[in-house]
Each structure stands twice: as C-alpha cells, then as structure tokens.
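Visitor: Sequential numbering of the sequence shown, starting at 337, is according to the numbering used here. Where is the CB? At the ideal position from N, CA and C, for every residue including glycine. Being a predicted model, the structure only gives us computed values, none of them experimental. Sharing a structure with you now.
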Amino acid sequence: MSVLRVIAVEAASRSYEVVIGRNALSSRADRLAIRAPRGRAVIVADAAALSQHETRLRQAFDAAGVKIELIAIEGGEGAKSWSSLETLCDRLLALNVERSEPVIAFGGGTIGDLTGFASAILKRGTRFIQIPTTLLAQVDSSVGGKTGINTSHGKNLIGAFHQPDLVIADTAFLDTLPKREVLAGYAEIVKAGLIQDPELFERLEAQGVDAVTGDSLVQAIADAVAFKARIVAEDERESGVRALLNLGHTFGHAFEAEAEKGALIHGEAVACGLALAFRYSVRLGVCRSEDAARVEAHLQAVGLPARISDLPGGPYDADRLLSRMGDDKKNSGGAITLILARGIGDAFITRETDRTDLAAFLSSEVED
C-alpha cells in the first residue's frame with residue numbers, strides 16, 4: 337500500500353492541505369467534489385502533461401462527480417507572459433468562471449504560476465487548486481501562494497500572493513519525467529536542508545538519487561513541503577524569514593535571465609546558485625570551506641551543476657550576471673539582497689552586499 341502524507345499549511349490569508357503520495361489524486365477525489373459548488377472545475381493544463389495523463393485526470397474527476405473544462409497551454413517559461421495571461425483570462429471569462437469555482441493548475445511550475453496569477457486577478461480573486469506534475473512544482477512552487485509572470489526585466493517581477501485551496505502532489509505523475517527534470521526538482525529538496533534542516537541534508541547525502549524513488553520520494557517531498565509550510569506560516573508575504581527560501585535563487589535567476597532560451601532548467605540554475613551562495617559565504621569568512629565542499633560534492637554526485645562552467649545555456653558574463661542580480665525583487669535601497677549561509681542548515685539574509693566584491697567573485701567563478 338502506498339504511503340500518503342498530508343501537510344497542513346497555515347498561512348495568514350488561508351489554510352489548506354498538501355496531499356502527497358502515489359495515486360493521491362484518485363485517493364482524494366472527495367476533496368475535489370466539495371470544492372466544486374457548481375459540479376464543474378476548469379483545469380488549465382500543460383499540454384505535454386495532459387497528453388500523458390488525461391485519462392487518469394478524467395477518471396479522478398469523474399469519480400468525484402465533477403465535470404471538467406480543459407484549457408491546454410504549452411508549458412515552459414514562455415507561458416509566463418503578458419500575452420499568455422491575457423489569453424487565459426479571456427478564456428476563463430468566456431467560461432463564466434465564478435469566484436467560488438476552482439481554477440485548477442495541472443502541470444509544472446510555470447503553469448501553476450500563470451494559472452495562480454490569473455486566478456488572483458480574475459474577478460478580484462477566484463478559488464485555486466494546484467495539481468503539480470513535476471517534482472520541482474510538488475516540493476516548491478505549488479506551495480506558498482507565489483504566482484506571477486516574467487518580463488524582459490527578469491523572472492516573476494509581475495505577480496501576486498494567492499494561496500491555493502488545496503494542493504495534490506501525486507507522485508505517479510512523476511513516472512514520465514525525464515531524469516533531468518527529476519534532478520531539477522531534487523535541487524529544491526536539497527535547498528530545504530541547506531537552509532534550516534541539516535539532518536535532512538545528511539539523509540540526502542547518504543541516500544543520493546535513491547531519495548527520489550518509491551516511499552523515500554514521498555518522504556523527501558513531505559520533508560521539503562513541511563519545512564516550507566513552517567516558513568510560510570511565519571511569513572506569508574516574504575517580509576522577513578521567508579526570504580530564506582530564496583537561497584541560491586538570486587544567482588539562479590540571473591543565470592536563467594542570461595541563458596540561451598530553453599537551454600537551462602530552473603532547478604539546475606538553483607543548484608549552481610546554492611553552490612555559489614556557499615562559496616561566496618566562504619569568501620566572506622562566515623562559512624567553513626568544508627561545508628561549501630560538501631554542498632558542491634553532493635550536487636555533482638547526483639548530476640547537478642555546481643560550477644558556472646557546468647551550466648547549460650552559456651557562456652555567462654560576470655558583468656551581465658551582476659546587472660541581473662541588481663534587478664532582483666528582494667533588493668532594497670539599491671543594495672543587492674543575498675541569502676548566504678554560516679553553515680549547512682544555517683542560512684541568513686544580508687542586505688549589505690559589496691557590489692565590487694561580488695563582481696570580483698562572479699568574475700572568478702565565470703573564469704573557473
């Protein structure tokens with residue numbers, strides 16, 4: 337019998353459950369029925385995920401007695417655009433979606449971000465459910481209420497906080513993922529250990545890629561989600577401790593903005609960003625070099641990039657990376673905000689980054 341875990345997220349604006357496990361969607365069909373007052377649900381689906389899983393999706397909603405309306409969208413970062421948002425809102429309005437009806441995101445993080453943002457602004461807010469189909473979305477982007485789109489200035493600079501009513505993380509959907517996509521999601525699990533859970537990181541070190549198989553996978557997802565739920569409960573809108581969840585992301589978003597289109601996956605950028613955050617912490621004298629070496633060794637052991645030279649989508653230029661980091665939405669007073677670490681499981685926020693020193697560090701990393 338497969339393991340099923342339920343994590344409660346107690347955000348200030350809304351409390352909800354994250355149901356995790358193999359066949360979680362069919363096992364929790366009752367939760368879908370009670371959230372569809374008109375007996376209907378509108379599903380915004382990643383076209384690729386839909387082509388692989390439409391039968392299972394329909395069976396689950398049929399069992400719940402809920403009629404579905406499907407809107408298929410091509411996934412990827414290109415979906416998070418003004419034009420995609422406008423098109424989606426028009427289609428939702430044409431279906432006369434009511435505020436009490438759930439708009440459901442079925443796919444990876446980009447579909448969740450786009451659908452969540454559309455749900456946040458449509459009629460000043462409709463109900464929203466996440467059914468993430470990638471590991472990265474299951475452990476990170478589907479939980480916490482961050483939604484949004486990209487612009488030419490960077491990732492996620494237009495958006496809203498809009499918590500879902502429910503998240504169903506069915507690990508059976510991960511069976512069809514390429515190994516590269518699985519590893520991209522694994523980077524976010526590693527991140528949770530590096531921020532505040534050294535025991536989790538030690539387990540991941542011991543298990544390696546075996547952590548993302550069978551019941552071990554359910555446990556790893558649950559650990560990462562439970563950690564994020566605690567942070568979101570304390571700081572829903574990222575005014576304080578929630579910023580820690582961006583460990584590796586200031587570097588990572590800069591890589592994504594500069595990478596050749598379609599060449600770099602978010603989790604790969606984050607993985608390299610994690611390694612850079614630890615190495616920069618060592619440079620500043622706040623972290624032991626042994627901890628940075630452990631992080632780099634583990635990422636490389638499972639097949640994730642830990643050096644800029646390992647990243648797809650390059651080459652990368654230090655000056656342009658610094659410029660992208662200067663546009664980050666966490667910045668304040670013109671200073672670059674970074675999430676660094678005193679050690680494994682001990683991340684902290686600094687808003688006093690020396691740009692000259694950071695530029696020198698990036699130059700050395702690019703040339704390495």
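Using a threshold of 9 angstroms, state whether the C-beta atoms of Glu-413 and Lys-491 are closer than that.
Guide: Yes, they are a contact pair.
Visitor: What are the residues that DSSP puts in a beta bridge with Arg-341?
Guide: DSSP, once it has assigned bridges, lists Ile-356 as partnering Arg-341.
Visitor: Quick check: the Cα distance between Met-337 and Ala-415, rounded to an integer number of angstroms?
Guide: In this predicted model, Met-337 has a pLDDT of only 48, less than 50, meaning its place in the structure is not dependable; the value taken from the coordinates is given anyway. Whole-angstrom Cα-Cα distance: 37 angstroms.
Visitor: Could you spell out the range, first to last residue, of the beta strand (DSSP E) harbouring Thr-673?
Guide: First-last for Thr-673: undefined, no H or E at that position.
Visitor: Starting from Ile-409 and walking both ways along the beta strand (DSSP E), at which residues does that stretch end?
Guide: Per DSSP, Ile-409 belongs to the beta strand (DSSP E) from 403-409.
Visitor: I'd like to check one pair, Ala-430 with Phe-464: are the Cβ atoms closer than 9 angstroms?
Guide: For Phe-464 and Ala-430, no; Cβs fall outside 9 angstroms.
Visitor: Where does Gln-532 sit, in a helix, a strand or coil, going by DSSP?
Guide: Reduced to three states, the DSSP call for Gln-532 is helix.
Visitor: Please report the distance separating the alpha-carbon of Asp-382 from that of Leu-513.
Guide: Asp-382 and Leu-513: Cα-Cα distance of roughly 13 angstroms.
Visitor: Within a Cβ cutoff of 6 angstroms, which residues of the same chain sit near Val-518, ignoring the five residues on either side of it in sequence?
Guide: So the qualifying residues of the chain are Leu-471, Val-548.
Visitor: Would you mind reading off the limits of the alpha helix (DSSP H) that contains Gln-395?
Guide: Where Gln-395 is concerned, the enclosing alpha helix (DSSP H) stretches over 383-399.
Visitor: How long is the line joining the alpha carbons of Glu-701 and Arg-376, rounded to whole angstroms?
Guide: Approximately 52 angstroms, taken between the alpha carbons.
Visitor: Once DSSP output is grouped into helix, strand and coil, what is the label at Ser-668?
Guide: Ser-668 falls in the strand class under three-state DSSP.
Visitor: Please report how far the alpha carbon of Leu-424 lies from the alpha carbon of Val-622, in whole angstroms.
Guide: Their Cα atoms are separated by approximately 47 angstroms.
Visitor: Could you tell me the distance, in whole angstroms, from the CA atom of Leu-510 to the CA atom of Thr-469?
Guide: So the two alpha carbons sit approximately 6 angstroms from each other.
Visitor: Give the range of the beta strand (DSSP E) segment to which Val-503 is assigned.
Guide: Unbroken beta strand (DSSP E) run through Val-503: 502-506.
Visitor: What are the start and end residues of the beta strand (DSSP E) that includes Thr-483?
Guide: Here the beta strand (DSSP E) through Thr-483 covers 482-487.
Visitor: Give the secondary structure of Asp-511 by DSSP, where H, G and I count as helix, E and B as strand, and everything else as coil.
Guide: In this structure, Asp-511 counts as helix in the three-state DSSP scheme.
Visitor: With H, G and I counted as helix, E and B as strand and the rest as coil, what does DSSP make of Asn-432?
Guide: Asn-432: coil per DSSP, three-state reduction.
Visitor: Quick check: what's the CA-CA separation for Arg-364 versus Glu-626?
Guide: Each residue's alpha carbon lies about 45 angstroms from the other.
Visitor: Going straight from the alpha carbon of Lys-666 to that of Thr-586, what length do you get?
Guide: So the alpha carbons of these two residues sit roughly 9 angstroms apart.
Visitor: Can you tell which of Ser-699, Ser-575, Ser-659, Gly-411 has the C-alpha that lies nearest to the C-alpha of Ile-672?
Guide: Nearest of Ser-699, Ser-575, Ser-659, Gly-411 to Ile-672, Cα basis: Ser-659.
Visitor: Taking only runs of the beta strand (DSSP E) that begin and end inside the stretch 615-696, which ones reach a length of at least 3 residues, in chain order?
Guide: Taking only runs of at least 3 residues, the beta strand (DSSP E) segments lying wholly in the stretch 615-696 are 674-679, 682-686.
Visitor: Suppose you measure from the CA of Leu-620 to the CA of Leu-694; what does that come to, to the nearest Å?
Guide: Answer to the nearest angstrom: the Cα atoms are 10 angstroms apart.
Visitor: How would you label Ser-349, buried or exposed, when you count the other beta carbons within 10 angstroms and need 16 or more for buried?
Guide: Exposed, by the Cβ-count rule.
Visitor: Output needed for Ser-351: all residues of its chain with C-beta closer than 6 angstroms, excluding positions within five of it in sequence on either side, in chain order.
Guide: Result list for Ser-351: empty, nothing under 6 angstroms.
Visitor: Return helix, strand or coil for Gln-466, following the three-state DSSP convention.
Guide: Three-state result, Gln-466: strand.
Visitor: In terms of residue numbering, what span does the alpha helix (DSSP H) encompassing Lys-564 cover?
Guide: From DSSP, the alpha helix (DSSP H) with Lys-564 extends over 550-570.
Visitor: Grab the span of the beta strand (DSSP E) containing Phe-443 for me, first residue to last.
Guide: The sequence shown places Gly at residue 443, not Phe. 438-443 is the extent of the beta strand (DSSP E) around Gly-443.
Visitor: Can you tell me which of the three DSSP states Val-518 falls into?
Guide: Here Val-518 sits in helix by DSSP.
Visitor: By the three-class DSSP mapping on this structure, what secondary structure does Ala-496 have?
Guide: Three-state DSSP puts Ala-496 in a strand.
Visitor: Within 10 angstroms of its Cβ, does Asp-476 collect 16 or more other Cβ (buried), or is it exposed?
Guide: Classification for Asp-476: buried.
Visitor: Could you check the C-alpha separation between Leu-657 and Leu-580 for me, to the nearest Å?
Guide: Distance between the alpha carbons of Leu-657 and Leu-580 is about 21 angstroms.
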